Amino acid sequence: MRILGLVFLVFLCGAAVAENQHASARLLVDRTTVAAGESFLVGVLFEIDPEWHIYWKNPGDAGMATSIKWSLPDGFVVSELLWPVPKRFMQEGDIEGFGYEGSAMLMARVTPPADFTGQAPIGAVVRWLACKSICVPGRASLTTEVRVGSSSVPANQETFSQWLRRVPMDLGQSPLQVSVRRSGMSYELTVAGVPKEADLEVFVSPPEGVAVRRVQRKGNTAVVEFARLAGSPVRGSAEVVIGNKGTHARVVLPLE
Amino acid sequence: MLRYLVAMLVVVGFSGFSFAQAQAELGKKAPEFRLTDSAGKQHSLSEYQGKIVVLEWINPECPFVQRHYKEKTMATAAKQFSDKDVIWLAVNSTSHAKPEDMTKWVEQYGLQYPILMDNSGDVGRKYGAKTTPHMYIIDRQGVLVYQGGIDDDPSGDKPNRTNYVVKALTEIANGDSVSQAQSKPYGCSVKYK
Numbered sequence: 009m010r011i012l013g014l015v016f017l018v019f020l021c022g023a024a025v026a027e028n029q030h031a032s033a034r035l036l037v038d039r040t041t042v043a044a045g046e047s048f049l050v051g052v053l054f055e056i057d058p059e060w061h062i063y064w065k066n067p068g069d070a071g072m073a074t075s076i077k078w079s080l081p082d083g084f085v086v087s088e089l090l091w092p093v094p095k096r097f098m099q100e101g102d103i104e105g106f107g108y109e110g111s112a113m114l115m116a117r118v119t120p121p122a123d124f125t126g127q128a129p130i131g132a133v134v135r136w137l138a139c140k141s142i143c144v145p146g147r148a149s150l151t152t153e154v155r156v157g158s159s160s161v162p163a164n165q166e167t168f169s170q171w172l173r174r175v176p177m178d179l180g181q182s183p184l185q186v187s188v189r190r191s192g193m194s195y196e197l198t199v200a201g202v203p204k205e206a207d208l209e210v211f212v213s214p215p216e217g218v219a220v221r222r223v224q225r226k227g228n229t230a231v232v233e234f235a236r237l238a239g240s241p242v243r244g245s246a247e248v249v250i251g252n253k254g255t256h257a258r259v260v261l262p263l264e
Numbered sequence: 590m591l592r593y594l595v596a597m598l599v600v601v602g603f604s605g606f607s608f609a610q611a612q613a614e615l616g617k618k619a620p621e622f623r624l625t626d627s628a629g630k631q632h633s634l635s636e637y638q639g640k641i642v643v644l645e646w647i648n649p650e651c652p653f654v655q656r657h658y659k660e661k662t663m664a665t666a667a668k669q670f671s672d673k674d675v676i677w678l679a680v681n682s683t684s685h686a687k688p689e690d691m692t693k694w695v696e697q698y699g700l701q702y703p704i705l706m707d708n709s710g711d712v713g714r715k716y717g718a719k720t721t722p723h724m725y726i727i728d729r730q731g732v733l734v735y736q737g738g739i740d741d742d743p744s745g746d747k748p749n750r751t752n753y754v755v756k757a758l759t760e761i762a763n764g765d766s767v768s769q770a771q772s773k774p775y776g777c778s779v780k781y782k
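In order, the protein sequences belong to chains Z and A.
Its first residue numbered 9, the first sequence is counted upward by one per residue in the numbering used here.
Its first residue numbered 590, the second sequence is counted upward by one per residue in the numbering used here.
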C-alpha cells in the first residue's frame, strides 16, 4: 500500500501557527487490489495532538463538522461517511461539543462500476477544525490509488476493522434493542438491557432546520426534544447514536 | 414597618435577581445590558430604544471571525444598514480579552462600530451566545427577532451564501417581518470564564 500522505496543507485563515494544524490526515484503502465489481473501503485517518479535538458530523453548539470531498473515476459510487461514535466535550457556558481526541478514522464504502478494470485514482479533500482553547482550521488534499483487477488483495485490515467496530450499527443490524416512541417533535428511545443510568450515551445529529432542544437520560431511556428553527424548512431526518460500553446503534428519526 | 421594609427588600432583591437572570428568547423583549466598549464608552440596550440593534459575538482569536473580517462580512452589512437606524454592536465575552487589543482590531479593520467588553460573560450567557460569530437582531420595539449564524456557510466555500442578518435587516427595513428568525450559529465556542 503506497501512501502519498499529505500532499499539501493549506492554511485557510492565516492563523498564527501555520506550521502546525494540530491534526494530520492520511488516506487509506482496505485493499491494494479490488476484484472487479467488488466494493471496498476508503478512510481518512486523523492523528490529533494531545488535548486537541476535531468534530463529529454534528459539532454541537460550536465548532465545525469534519468534511471529506471524494474524487473518484466516473461511475464509482461512494457511500455517506461512516462516523465512529464520538466523545462529548463540555465547555464553560454550557457549550456542548461532539468529536474525537487522539485519533479517528472517517470511512466510506466505494463501489466501482462492474466493467471497470485498471488503476483507479482516489482523491480526498479533507477539512477539519482542531480546537483546544483556541481553534485552528485544517485542510489536506490527499491522493492514493487502488487497482481494480481479477482478485482481491487486502490491506490495512487491522486499522479498518478497529475503526469499523466503532461505527454505530444501523438499528436493524445492531444487537441493541431500541424502542422508539414519537410525540410531536420529541422522541423517547428505550434501550433494552442497559442497566445503569450513567452508562447510556446519546449523540444527536439534527437535520437542517432543526435544533436539539434537550436530551434527557433516565435509566435506559433517553428523551430527545427537537425544535424547529423559526422560518427554516426541515430537510431530512435526525440521527441518534445511542448505546453504551462500545455498543451503539444508529437510529434515524423522521422530523418532517 | 421593619417587616414591610424586609418584604420590600426581598421583592427588590428578587426582581433584581430575576432581571439579571432573564434569558433572551426569540419573539420576547431582549434582555437589557450595560457594557463598556474597548474605548471606554458605555452602551446599554435601552439607550437605543426605537432603533434596530444588531449584536455580534466576536473573538478576534477565532479563525471563523478572522475569515469574516478578511471578507468584510460584518463591516459591509453594518455599512449597508447604517442609514436605516441600525446600530451594530460587537460583544466580546472572551474571559481574557483585553480592551487595547479590541481597539487595535477596530483600527485594523476601520470598524464603524464598537466592541463591547463582557469579560465576565454575563451578557453572553444571558443571550445564550455559544459561538463566535453568533448574531442577534433586536427590533425597534426591543424584541429579539433573529438569533443564529451570520450565514449558511460554515466552511466558507459556498458560491451563493445566504447572509441571514442582511436578509432579516432588509425585511425589517421593508416593513416586513423576519422570515427566517433562527439558524444554527457556527464558529468557535465562546471562551467563557
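Each residue gets a CB set at the ideal place from its N, CA and C atoms; glycine is no exception.
Just so you know, these numbers come straight off a predicted model, no measurement behind them.
Checklist entry - Would a check of beta-carbon distances place Asp-69/Z closer than 9 Å to chain A? => result yes
Checklist entry - In chain A, which residues lie with their C-beta within 7 Å of the C-beta of Ala-219/Z? => result Lys-773
Checklist entry - Is DSSP giving Met-663/A helix, strand or coil here? => result Assignment of Met-663/A by DSSP, reduced to helix, strand and coil, places it in the helix class.
Next on the checklist: Given this structure, state the Cα-to-Cα distance separating Glu-233/Z from Leu-758/A, to the nearest angstrom.
Outcome noted: Each residue's Cα considered, the two are about 30 Å apart.
Checklist entry - For Glu-645/A, which three-state DSSP category applies? => result strand
Checklist entry - Using the C-alpha atoms, what's the distance from Tyr-637/A back to Ile-250/Z? => result 47 Å
Checklist entry - Can the beta-carbon of Val-218/Z be found less than 9 Å from the beta-carbon of Leu-263/Z? => result yes
Checklist entry - Quick one, are the C-beta atoms of Tyr-775/A and Ala-70/Z less than 9 Å apart? => result yes
Item to check | Buried versus exposed call for Glu-650/A [16 or more other C-beta atoms within 10 Å across all chains shown] | outcome: Looking at its Cβ environment, which holds 16 or more other Cβ atoms inside 10 Å, Glu-650/A is buried.
Checklist entry - What span of residues does the alpha helix (DSSP H) with Asp-690/A cover, start to end? => result 688-697
Checklist entry - Would you say Phe-606/A faces chain Z, with C-beta separation under 9 Å as the test? => result Reliability of the predicted coordinates at Phe-606/A is poor, the pLDDT of 42 falling under 50, and no value is obtained from them.
Item to check | Chain-ordered chain Z contacts of Arg-750/A [CB-CB under 7 Å] | outcome: Neighbours of Arg-750/A on chain Z: none; closest Cβ ~15 Å, over 7 Å.
Checklist entry - For Ala-73/Z, does the three-state DSSP call read helix, strand or coil? => result coil
Next on the checklist: Using a Cβ distance threshold of 8 Å, determine whether the segment 214-228 of chain Z contacts the segment 743-758 of chain A, with at least three qualifying pairs required.
Outcome noted: no
Checklist entry - Apart from the five residues on each side of it in sequence, which residues of its chain come closer than 7 Å, Cβ to Cβ, to Arg-243/Z? => result Pro-215, Glu-216 and Gly-217
Checklist entry - Which one of Thr-119/Z, Gly-105/Z and Gly-227/Z has the shortest CA to CA distance from Pro-81/Z? => result Thr-119/Z
Checklist entry - Would you report the Cα separation of Lys-673/A and Lys-640/A, rounded to the nearest angstrom? => result Between the alpha carbons of Lys-673/A and Lys-640/A lies a gap of roughly 9 Å.
Checklist entry - To the nearest angstrom, how far is it from the Cα of Asp-742/A to the Cα of Glu-760/A? => result Computed Cα separation, rounded: 21 Å.
Checklist entry - What residues from the segment 138-152 of chain Z come within 9 Å of chain A, judged by C-beta to C-beta, listed N to C? => result Cys-139, Ser-141, Ile-142, Cys-143, Val-144 and Pro-145
Checklist entry - In terms of DSSP beta bridges, what is Glu-614/A paired with? => result Glu-614/A pairs with nothing; no bridge assigned.
Next on the checklist: Cβ closer than 8 Å: which chain A residues qualify as neighbours of Ile-56/Z?
Outcome noted: Near Ile-56/Z there are no residues of chain A at all, since even the closest Cβ is about 17 Å away, more than 8 Å.
Item to check | Identity of the residues DSSP links to Arg-221/Z by a beta bridge | outcome: Answer is none; Arg-221/Z lacks a bridge partner.
Next on the checklist: Can you pull the chain A neighbours of Met-72/Z, defined as C-beta to C-beta under 7 Å?
Outcome noted: The contacting residues are Pro-743, Ser-744 and Tyr-775.
Checklist entry - Among Leu-624/A, Val-643/A, Leu-634/A and Gly-629/A, which has the Cα closest to the Cα of Gly-737/A? => result Val-643/A
Item to check | Nearest residue (CA-CA) to Arg-258/Z, options Tyr-63/Z, His-61/Z, Val-220/Z and Pro-176/Z | outcome: If we check each option's Cα against that of Arg-258/Z, Pro-176/Z comes out closest.
Next on the checklist: Please list, in chain order, the chain Z residues whose beta carbon lies closer than 7 Å to that of Gly-738/A.
Outcome noted: The contacting residues do not exist; Gly-738/A stays about 10 Å from chain Z at best.
Checklist entry - What does Ser-240/Z reach in chain A if we use C-beta pairs closer than 8 Å? => result Gln-769, Gln-771 and Ser-772
Checklist entry - What does Leu-615/A touch in chain Z if you count any residue whose Cβ is under 7 Å from its own? => result Ala-238
Next on the checklist: Considering Cα atoms alone, identify which of Trp-171/Z, Leu-184/Z and Leu-36/Z is closest to Glu-153/Z.
Outcome noted: Answer by Cα proximity: Leu-36/Z.
Next on the checklist: What residue range does the alpha helix (DSSP H) around Ala-757/A cover?
Outcome noted: 753-762
Item to check | chain Z within 9 Å of Glu-645/A, Cβ atoms only | outcome: no
Next on the checklist: Just to confirm before moving on: does the CB-CB distance between Val-42/Z and Gly-157/Z stay below 9 Å?
Outcome noted: Taking 9 Å as the Cβ cut-off, Val-42/Z and Gly-157/Z qualify as a contacting pair.
Checklist entry - Taking the DSSP output, what are the residues bridged to Lys-191/Z? => result A small correction: the amino acid at residue 191/Z is Ser; Lys does not occupy that position in the sequence shown. According to DSSP, Ser-191/Z bridges with Ser-194/Z.
Checklist entry - Does the beta carbon of Val-600/A sit closer than 9 Å to a beta carbon anywhere in chain Z? => result Caution applies to Val-600/A, whose pLDDT of 42 falls short of 50 and renders its modelled position unreliable; the model cannot decide the point.
Checklist entry - For the putative contact between Val-50/Z and Ala-116/Z, defined by C-beta atoms under 8 Å, what is the C-beta separation to the nearest angstrom? => result Their Cβ separation, rounded to whole angstroms, is 6 Å, which keeps Val-50/Z and Ala-116/Z in contact under 8 Å.
Next on the checklist: Check this for me: beta carbons of Gly-731/A and Leu-634/A, under 9 Å apart or not?
Outcome noted: Closer than 9 Å, so yes.
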